[in-house]
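To keep things clear, I will list the structure first and then write my remarks on it.
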Amino acid sequence: MSILMIATNNIKKAKVATATLIILIAIATIFLYVGISVLANMDRFIDQKNAQTNGAHQVFITDGVHDQKIQEIYQSIGGYSYSEREEGMISMSSSFQNINTGEEANSIPAVFLNLDTARKISQVKIIDQAENMPPNGVIAPYVLKAANGYQTGDTLKMTVDEVSTELEIAGFYEDLMFASPSNVSMYKLYVGEQQLQEFLAQPQFGSKCSYFAVMTTDINNTEAFESEYVKETKNRLPDGTGSYVSICYGTTKTGVAIFINIIMAVLVSFSIIILAIAAIVIKFSTTTHIENNIKNIGTLEAMGYTTRQILNSILVEYLLMTAVGFMVGLGAALLISPVITNVVSSSIGLRWATGLYPQAVLASLCVITMAVLASLCVITMAVLGISYFSAAKIKKITPLTALRSGIETHHFGKNRIPLDQTRLSLNTAMGFKSLIFNKRQNLIAGLIIMLLSLVTVFALASYYNFSVDKTAMIKLIGLETAEVEVNAVDDEETIFAEIAAMPEVEDTIRLVSFDGVIKFKDKESSAMTRVTEDYSRLKVDTCVKGRMPVYDNEIAITSIVLGKLGAQMGDTVSIDYNGINCEFLVVGVIQQFNALGKATAITTAGMKKLLPSYREQNLMVYLAEGQDTEKFITKINNQYGSEKIKTNSYFESVEMMLDSFEASIKIIVTGCLGIIVVIIVFVLFLVIRVRILRERTRLGVSKALGFTANQLIGQILISQMPVIIGAAVVGAIAGYFATNPLLALMLSANGILNCDFYVDPGLVLFTAIGISLLGLATVLIVAGKIRKISPCQMFEEGVD
């Protein structure tokens with residue numbers, strides 16, 4: 033008899049265990065393959081997308097006053113290749129609403145460019161183009177189609193203050209720089225020549241601007257190019273010059289991929305948890321197989337088979353199951369590729385191509401092959417490793433021991449529940465005795481349920497904080513919750529005092545940000561620097577260690593910047609601004625997703641050390657409860673005019689940023705919960721079925737002695753439900769306390785040290801009750817097979 037024949041025979045005899053393990057391996061394969069393939073493919077994909085349209089390496093949007101000087105500045109920077117300039121219109125107080133979908137209006141700035149302009153840089157390749165471009169047609173960013181469900185032909189209403197107009201969507205475009213509003217909070221929209229001129233003729237919609245698209249000689253050095261540009265413009269242009277936007281390829285590329293990378297990291301982590309569960313199932317199945325087939329193993333040894341050959345047959349058995357599970361999982365991953373495509377596309381704002389699409393397979397062949405091989409290697413090594421150590425006890429089995437059914441000596445274990453002394457009913461006592469006797473199987477089932485209960489709480493809490501109450505997520509991003517942001521061109525003291533005194537306003541805080549360069553010893557790092565007088569007045573506290581700066585020589589820095597500089601709290605760093613260099617003492621560590629986690633904070637007094645003529649021209653406005661943001665913006669715009677102030681709905685743009693992630697989170701959480709249900713059902717089905725088959729003789733004798741089927745099912749319930757309920761409760765409680773540490777661990781690469789997600793105690797209770805009821809239903813269904821056992825079957829052997 034060959035080893036392969038023994039392996040296949042074992043598989044046929046253990047159909048339930050085989051099916052359970054194949055399903056677990058298939059699920060792990062799906063998550064592992066999808067996670068690895070997306071993570072490994074993301075950089076190449078973004079680079080190729082940008083290359084397809086000859087996408088810009090730098091984008092600068094200005095008010096057009098100093099265009100000649102700006103061109104001279106970026107052309108003088110080392111690494112400059114060539115550029116294009118075009119005129120457009122920028123609207124800083126615009127809001128957009130798709131009339132067809134009935135969505136709420138989203139406030140976000142927008143820049144309008146002429147679709148008919150010939151371009152070499154950032155060429156417009158239209159997706160789902162309308163047959164005929166209508167006079168009011170607009171080409172919108174692809175993210176609106178992927179994440180918001182926009183369609184060609186939909187009506188897009190644009191409102192600026194009290195003036196509105198309707199545009200018809202005539203297609204979509206892809207551009208990394210404006211791929212997602214979560215990365216760059218601005219729409220870039222293309223309209224026809226006539227429509228653009230109509231906009232420019234109506235100042236209420238926006239103001240004329242200049243749009244520069246710049247190419248460099250090294251796409252990997254765009255951040256340094258941008259830093260030099262920002263530095264030179266501050267040195268060579270008058271203070272307060274209208275430079276609306278400065279975007280570089282390197283920063284945008286990283287920002288676009290952050291969220292989807294986090295999702296994929298979660299999938300890979302979940303696949304590892306499933307592999308751990310598969311390992312527990314393998315351990316259980318192997319031990320059960322050895323116990324039930326110990327006489328057959330002894331017979332094989334007596335026939336001349338070595339323990340190594342018998343051990344190899346078990347390894348071959350699991351290797352065959354791994355191969356089948358892996359192929360099933362890989363096929364399923366390819367079949368669900370449209371879902372993955374939608375999740376990735378809605379997250380990054382670019383049309384993801386993978387899976388069954390031939391052009392994507394050809395373009396990504398190397399990466400896909402690597403993902404397949406990496407997934408196969410991880411899963412195979414994990415399965416073979418645990419199966420070898422689980423089956424290693426075969427080496428200690430001798431033919432004589434096998435003939436004694438593995439009993440080498442007498443066992444005088446203590447009887448924990450003697451039937452002649454217990455006060456429990458006979459059926460209850462038998463149930464608890466079974467609970468103690470099957471402690472190994474119960475421990476295995478309990479560990480699996482506890483892990484899945486923890487993951488359930490984690491998934492539900494993530495969904496709650498991303499989609500229901502986004503307060504904690506906003507804090508993690510590091511943005512304020514002010515409804516309105518006002519920038520005063522001049523006379524800010526008077527204007528800000530009048531705004532603060534308005535009845536609609538609850539509070540105001542002057543908060544300004546600028547791009548600075550932080551230096552420590554021989555190292556330096558760019559960072560977004562926030563400036564305000566009193567950080568205790570901010571609504572969002574981003575400090576995780578130490579404290580926020582109070583005096584003019586203090587600074588708080590994110591862990592990413594500190595790590596890049598090699599500095600720590602208590603060190604003295606310097607800020608280089610407009611050629612002036614000042615030293616600051618690091619008194620705190622802050623965290624935020626915004627600005628890629630590279631940020632610092634100093635006081636207004638500290639900023640005046642760098643720039644004595646510094647003016648606080650940016651105001652965050654917190655409205656009183658029940659106030660309408662759009663009406664308030666319209667009011668102050670009408671009162672002061674666009675020449676004196678520029679406004680935008682700050683908090684609405686933050687919420688819109690999170691809304692683009694909501695669909696992806698919903699799909700991931702739903703998928704995880706569905707898989708958790710399947711795993712629980714299959715594991716309990718396996719454990720209880722094996723137990724019933726192994727105890728068939730005892731169950732038959734019990735029926736012959738007068739026990740009814742319902743009483744025997746009751747014994748199964750008594751022996752299983754304490755384990756299920758206990759494990760579900762412990763796992764849910766562990767999830768309550770472990771959710772934030774786990775999130776911080778997963779987000780540590782993005783500079784996040786602490787998470788403060790709200791975990792509703794109701795989620796813990798819901799998880800414990802839900803899993804317990806699911807376990808109860810599964811136990812009742814599987815234990816129902818006891819009804820088919822009759823006393824005449826009590827001497828029949830049932831081996832799974």
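Here the sequence shown is numbered in the numbering used here, starting from 33 and rising by one per residue.
For every residue, glycine included, the Cβ atom is placed at its ideal position computed from N, Cα and C.
Between the alpha carbons of K327 and P431 lies a distance of about 8 Å. Of the other Cβ atoms in all chains shown, 16 or more fall within 10 Å of the Cβ of P581; this residue is therefore buried.
Our two residues, G185 and L228, have alpha carbons roughly 19 Å apart in a direct line. Its Cα nearest to that of A781, the residue K630 stands out among R721, R819, E536 and K630. As summarised for the region 579–613, the continuous alpha helix (DSSP H) elements at least 4 residues long and confined to that stretch are 591–597, given in chain order. Here the region 375–383 lies against the region 282–297, with 3 or more beta-carbon pairs under 8 Å apart. K189 sits away from Q226, with the two beta carbons spaced by 8 Å or more. Under the Cβ criterion (8 Å, minimum of three pairs), the region 583–592 counts as touching the region 609–624. Per DSSP, the beta bridge partners of M247 are Y114.
Going by C-alpha positions, E104 is about 10 Å away from T265. Straight-line measurement puts the Cα of R562 at about 27 Å from the Cα of N252.
One thing to note: V170 has its Cβ within 8 Å of the Cβ of V223.
Contiguous beta strand (DSSP E) elements confined to the region 130–176 occur at 142–146 and 169–173, taking only those with 3 or more residues. Rounded to whole angstroms, the separation of the alpha carbons of R151 and S242 is 15 Å.
G706 and F490 have their C-alpha atoms some 14 Å from each other. By the C-beta criterion, the region 201–217 is judged not to be in contact with the region 117–126, since fewer than 3 inter-stretch pairs fall below 8 Å. Residue pairing by DSSP puts D539 in a beta bridge opposite Y654.
The shortest CA-to-CA distance from E517 to any of S301, L543 and V360 is the one to L543. Secondary structure of L617 (DSSP, three-state): strand. Contact check between the region 249–263 and the region 93–101: fewer than three CB pairs, one atom from each, fall below 8 Å, which does not count as touching. Pairing L484 with G763 gives a Cβ-Cβ distance under 8 Å. Going by DSSP, T561 is part of the beta strand (DSSP E) stretching over K555 to T564. According to DSSP, residue pairing for N680 in a beta bridge involves E517.
The C-beta distance from G767 to L486 rounds to 4 Å, short enough to meet the 8 Å contact threshold. R448 sits exposed, since fewer than 16 C-beta atoms from the chains shown fall within 10 Å of its C-beta. Inclusion of K676 and I527 in the CB contact set at 8 Å is warranted, their separation being smaller than that value. Counting every other CB atom within 10 Å of its CB across the protein chains shown gives Y583 a total below 16, marking it as exposed. Bounds of the beta strand (DSSP E) holding T94 are Q90 to T94. Taken in chain order, the whole alpha helix (DSSP H) runs of length 4 or more contained in the region 450–537 are 458–469, 471–495, 503–509 and 524–532. Apart from sequence neighbours up to five positions away, the residues of its chain that approach M165 with a beta-carbon distance below 7 Å are A202 and G224, ordered along the chain. When I292, S558, T454 and N786 are compared, the shortest CA-CA separation from T254 is found for S558. Looking from the CA of D160, the closest CA among P167, I418, A178 and T149 belongs to A178.
Taking every protein chain shown into account, the CB of E349 has 16 or more other CB atoms within 10 angstroms, so this residue is buried.
Taking a contact as a CB-CB distance under 8 Å, the pair N459 and Q743 counts as one, their CB atoms being some 5 Å apart. By the neighbour-count criterion, in which a residue is buried when 16 or more other Cβ atoms sit within 10 angstroms of its Cβ, Q747 is buried. Taken through DSSP and simplified to helix, strand or coil, S239 comes out as strand.
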